[in-house]
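**Q** Protein chains in written order, with the numbering used here: chain H, 1 to 99; chain F, 1 to 477.
Where is the CB? At the ideal position from N, CA and C, for every residue including glycine.
Small disclaimer: the values here were computed from a predicted structure and weren't measured.
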Amino acid sequence: MKITEKEVRYVANLANLELSEEEIARMAHDMDEILTHMDKLNELDTSGVEPMAQVLYEAEETATLRADEERPGLGSEKAVANAANSGAGFFKVPLVIER
Amino acid sequence: MDIAKLTIGEIRSGLKAKRFSAKELAGQALQFAEAENPKTNAYLRLCPERAMQAAEKVDAAIAEGKGAGLLAGVPVAVKDVILTEGLVSTCGSKLLERYVPPYNATAVERLEAAGGLVLGKTNCDEFAMGSSNENSAYGPVRNPVDLERVPGGSSGGPAAVVAQGTAVVSLGSDTGGSIRQPASFCGVVGVTPTYGRVSRYGLVAFASSLDHIGPFGRNVEDAALLLQVTAGRDPMDSTSAFAPVPDYLAEMEKPVKGMKIGLPKEYFAGLARETGDLVMAAVDQLKKLGCEVVEVSLPHTDYAISCYYIICTAEASSNLARYDGVRYTTRSEKGETLIDMYRATRGEGFGAECKRRIMLGTYVLSAGYYDAYYLKAQRVRNLIARDFSQAFEKVDALITPVSPFPAFKLGEKMADPMEMYLSDIYTITGDLAGIPCMSVPCGVTGTGLPVGMQILANHFAEPTMFRLARAYERAVQ
Chain H
1 MKITEKEVRY VANLANLELS EEEIARMAHD MDEILTHMDK LNELDTSGVE
51 PMAQVLYEAE ETATLRADEE RPGLGSEKAV ANAANSGAGF FKVPLVIER
Chain F
1 MDIAKLTIGE IRSGLKAKRF SAKELAGQAL QFAEAENPKT NAYLRLCPER
51 AMQAAEKVDA AIAEGKGAGL LAGVPVAVKD VILTEGLVST CGSKLLERYV
101 PPYNATAVER LEAAGGLVLG KTNCDEFAMG SSNENSAYGP VRNPVDLERV
151 PGGSSGGPAA VVAQGTAVVS LGSDTGGSIR QPASFCGVVG VTPTYGRVSR
201 YGLVAFASSL DHIGPFGRNV EDAALLLQVT AGRDPMDSTS AFAPVPDYLA
251 EMEKPVKGMK IGLPKEYFAG LARETGDLVM AAVDQLKKLG CEVVEVSLPH
301 TDYAISCYYI ICTAEASSNL ARYDGVRYTT RSEKGETLID MYRATRGEGF
351 GAECKRRIML GTYVLSAGYY DAYYLKAQRV RNLIARDFSQ AFEKVDALIT
401 PVSPFPAFKL GEKMADPMEM YLSDIYTITG DLAGIPCMSV PCGVTGTGLP
451 VGMQILANHF AEPTMFRLAR AYERAVQ
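#1: In chain H, which residues lie less than 7 Å from glutamine 378 of chain F when you measure between Cβ atoms?
#2: Can you give the Cα-Cα distance for serine 136 of chain F and valine 169 of chain F, rounded to whole angstroms?
#3: Per the DSSP calculation, lysine 257 of chain F is bridged to which residue(s)?
#4: According to DSSP, simplified to helix, strand and coil, what is asparagine 143 of chain F?
#5: Would you decide whether phenylalanine 392 of chain F is buried or exposed? Buried here means 16 or more other CB atoms lie within 10 Å of its CB.
#6: Against glycine 434 of chain F, what residues of chain H qualify as contacts under a CB-to-CB distance less than 8 Å, listed in chain order?
#7: How far does the beta strand (DSSP E) with glutamate 24 of chain F in it extend, from its first residue to its last?
#8: Closest Cβ-Cβ distance between glutamate 23 of chain H and chain F: below 9 Å?
#9: To the nearest angstrom, report how far apart isoleucine 69 of chain F and methionine 359 of chain F are at their CA atoms.
#10: Whole angstroms are fine: how far does the CA of methionine 129 of chain F sit from the CA of glutamate 18 of chain H?
#11: By how many angstroms is the C-alpha of valine 364 of chain F removed from the C-alpha of methionine 341 of chain F?
#12: What are the partner residues of leucine 456 of chain F, as DSSP defines its beta bridges?
#13: Assess contact between the stretch 56-63 of chain F and the stretch 310-319 of chain F, defined as three or more Cβ pairs (one per stretch) separated by less than 8 Å. Is contact present?
#14: Can you tell me where the beta strand (DSSP E) with phenylalanine 216 of chain F in it begins and where it stops?
#15: Given that a residue counts as buried once 16 or more other Cβ atoms are within 10 Å of its Cβ, and exposed if not, what is threonine 429 of chain F?
#16: Please list the segments of the alpha helix (DSSP H) lying wholly inside the stretch 10-70 of chain H, counting only runs of 4 or more residues, in order along the chain.
#17: Using CA coordinates, which residue listed in F:Gln285, F:Asp371, F:Phe405 is at the minimum distance from leucine 41 of chain H?
#18: Tell me valine 169 of chain F's beta-bridge partners as DSSP assigns them.
#19: Quick one: list the residues of chain F neighbouring phenylalanine 91 of chain H, beta-carbon separation under 7 Å, in chain order.
#20: Along chain F, in chain order, which residues have C-beta atoms closer than 8 Å to that of lysine 40 of chain H?
#21: Check whether chain H comes within 9 Å of leucine 87 of chain F, counting only Cβ atoms and requiring the distance to be less than that.
#22: Count the other CB atoms, across all protein chains shown, that sit within 10 Å of the CB of leucine 65 of chain H; report buried if there are 16 or more and exposed otherwise.
#23: Considering glycine 75 of chain H, what are the terminal residues of the alpha helix (DSSP H) in which it resides?
#24: Could you say which of F:Gly9, F:Ala114, F:Thr166 lies nearest to alanine 482 of chain F if we only look at CA atoms?
#25: Looking at leucine 410 of chain F: is its Cβ nearer than 9 Å to the Cβ of proline 140 of chain F?
#26: Along chain F, in chain order, which residues have C-beta atoms closer than 8 Å to that of methionine 1 of chain H?
#27: Note down, in chain order, every chain H residue with its Cβ under 9 Å from the Cβ of serine 173 of chain F.
#28: Could you please tell me which residues of the stretch 331-342 of chain F, in chain order, have their CB closer than 8 Å to any CB of chain H?
#29: Are there three or more Cβ pairs, one per stretch, closer than 8 Å when the stretch 322-339 of chain F is compared with the stretch 283-300 of chain F?
#30: With a Cβ-Cβ cutoff of 9 Å, do serine 332 of chain F and alanine 321 of chain F count as a contact?
#31: So, using beta-carbon positions, are valine 78 of chain F and proline 144 of chain F closer together than 9 Å?
#32: Applying the 10 Å Cβ sphere with the 16-neighbour rule, what's the burial state of alanine 304 of chain F?
#33: Using the Cβ count rule (16 or more neighbours within 10 Å means buried), how would you classify aspartate 80 of chain F?
#34: So, for alanine 457 of chain F: in the same chain, excluding its five sequence neighbours on each side, which residues have a beta-carbon less than 6 Å away from its beta-carbon?
#35: Looking at the C-beta of aspartate 30 of chain H, does it have a partner C-beta in chain F at a distance below 9 Å?
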């Protein structure tokens, strides 16, 4: 076993993802199968190989930087237009800090 | 005019000769899409008002004798992970059921500026995660070629509308084969351009180091034209490339005689016999046109699936963190505190495949596993990319099958995620390397299912890829 149900619960907690009991059992099974497949990478000796985080081309280092000029933003009305709950131009959320 | 088979060239000449107006065309196209869509569920919603307004603009430009743009009057469908201002964009997810984007994706902005008519938004796997379009919260898409089969995924909708004739071209997205695999399953042309060739501004992020926007068309020219219009540097996407965009239409007509094609041997083992035969017949055609064909090796191919599913799930787990019930429309009724509300919203909102990827991604990035999985996968990614650059020192392009098998039946692979992942075995390597690749229809099996051949070229060598695709298409027409 690469992963237990206890570990699944731990990872779900890290991901802020609520899972039902059935989902946890299924997830442990699926993740186990996939992680076992992923072990294949250990066949390869990658010492001395640079990690490739991004597809990069030959461009000047600052080529992707733009001039720091003022531009209008989206505006709070548009920014909160899709919010589940908003008011006075802000996002409203449940209790964060207890008094 | 046969609305289901219309090409961009025919629209251009029809408008010029005044056989129809853009408005008449838009009206017919919308009517046809509305009538045909229930068979496939490929469109999630049509936007008649937007299409008619765009058509009026095209007609006015023509009446004034102004240039009407490269896509004047062309009905286009847009995958629902690509944002359209003022028009609901769900990404195939229940979480974004009511999400109305406040801006257009740059690709949409550009295609509309070129006179294209957005007819509607298409279905897709939830947040573009899937290989069969069965992971949509709005029901699966059926393959127009055989309604019992999947159209492929995740861009099942964009492929299906073009095959069905309910759009002339469409925009899809590709992270691990999501354009080419559905193109091959539905028998249309699908192009994944070089990473950074088309701006991703307004493409809802799945795996940022792998995400591409690319076109579908019923022929090579139409797909290339949509790429022509959407490609090029965009200040809103810092990963978009500065390289000038060549004239693809002129480039693709150049002869292919003397071009050198590599067949990577790792891509021809373990595929359906008919698929292999059809791809090899296409290679023979190119040989007849004067191409030289040699066998090459991409030795790290076998590691691509593992490499890809580590990197893409890691990136997806961070990108999907934003769907927390605060900013994007849907919030769970449960949860007294903020954290509980996050958890409940995400648990209720995401489908099974998204949850699986969030979990895998969180796991491979978590303390103690980061080096063993994520960093290891990034090193292997470099080896896979190197395989390609070494091959392109010897050959101009590579040809492979797109998928080991043609379209499978609905439900056939849903029980086993690993089996579903393996259907992308030949397409994910191109995304990992960031090179341009495309699917070109190369015939049908004995039971009438389309098969695609994949052409891959070096970074920014879209012209090479299109030349081969166009020469093949012309030879078999």
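**A** Quick look at the numbers:
#1: What glutamine 378 of chain F touches in chain H: Pro51, Met52, Ala53.
#2: Taking C-alpha positions only, serine 136 of chain F is separated from valine 169 of chain F by approximately 22 Å.
#3: The partner list for lysine 257 of chain F (beta bridge, DSSP) is empty, contrary to what the question assumes.
#4: Here asparagine 143 of chain F carries a strand assignment [DSSP, helix/strand/coil].
#5: Counting the other CB atoms within 10 Å of its CB gives phenylalanine 392 of chain F a total of 16 or more, which places it among the buried residues.
#6: What glycine 434 of chain F touches in chain H: Val55.
#7: Here glutamate 24 of chain F belongs to no beta strand (DSSP E); instead the alpha helix (DSSP H) covers 22-40.
#8: Using a Cβ-Cβ cut-off of 9 Å, glutamate 23 of chain H counts as an interface residue toward chain F, since at least one Cβ of chain F sits closer than that to its own.
#9: Checking the displayed sequence, the identity of residue 69 of chain F turns out to be glycine instead of isoleucine. A straight-line Cα-Cα distance of about 46 Å links glycine 69 of chain F and methionine 359 of chain F.
#10: Distance between the alpha carbons of glutamate 18 of chain H and methionine 129 of chain F is about 20 Å.
#11: Straight-line Cα distance between these residues: approximately 25 Å.
#12: Looking at the DSSP assignment, leucine 456 of chain F forms a beta bridge with F:Leu398, F:Cys437.
#13: The count of Cβ pairs closer than 8 Å, one atom from the stretch 56-63 of chain F and one from the stretch 310-319 of chain F, stays below three, leaving the stretches out of contact.
#14: Counting along the chain, the unbroken beta strand (DSSP E) around phenylalanine 216 of chain F starts and ends at 212-217.
#15: In the assembly as shown, threonine 429 of chain F is a buried residue. Its beta-carbon has 16 or more other beta-carbons within 10 Å.
#16: Complete alpha helix (DSSP H) runs here, min 4: 21-38.
#17: For the residues F:Gln285, F:Asp371, F:Phe405, the minimum Cα distance to leucine 41 of chain H belongs to F:Asp371.
#18: DSSP output for valine 169 of chain F lists F:Val76, F:Gly217 as bridge partner(s).
#19: Those are Val326, Arg327, listed as they occur along chain F.
#20: Neighbours of lysine 40 of chain H on chain F, chain order: Asp302, Tyr303, Ser306.
#21: Judged by the 9 Å Cβ criterion, leucine 87 of chain F is not in contact with chain H.
#22: Classification of leucine 65 of chain H: exposed, given that the 10 Å Cβ count is below 16.
#23: Careful: glycine 75 of chain H lies outside any alpha helix (DSSP H) and carries neither H nor E.
#24: Residue 482 of chain F cannot be examined here, being either before or after the span of chain F that is shown, 1 to 477.
#25: With a cutoff of 9 Å on beta-carbon distance, leucine 410 of chain F and proline 140 of chain F are scored as near each other.
#26: What methionine 1 of chain H touches in chain F: nothing, since even the nearest Cβ is about 14 Å away.
#27: Residues of chain H with a Cβ closer than 9 Å to the Cβ of serine 173 of chain F do not exist; the shortest Cβ-Cβ separation is about 16 Å.
#28: Residues of the stretch 331-342 of chain F with a Cβ closer than 8 Å to any Cβ of chain H, in chain order: Arg331, Gly335, Glu336, Thr337, Leu338, Ile339, Asp340, Met341, Tyr342.
#29: A contact is defined here as three or more CB-CB pairs under 8 Å, and the stretch 322-339 of chain F fails this definition with respect to the stretch 283-300 of chain F.
#30: Result no, Cβ atoms of serine 332 of chain F and alanine 321 of chain F do not sit closer than 9 Å.
#31: The answer is no: Cβ separation not under 9 Å.
#32: So alanine 304 of chain F ends up on the buried side.
#33: Burial is judged here by how many other beta carbons sit within 10 angstroms of a residue's own beta carbon; aspartate 80 of chain F has at least 16 and is buried.
#34: In its chain, beyond the 5 residues on either side, Ala397, Pro436, Thr464, Met465 have a beta carbon closer than 6 Å to the beta carbon of alanine 457 of chain F.
#35: Yes, aspartate 30 of chain H counts as interfacial toward chain F.
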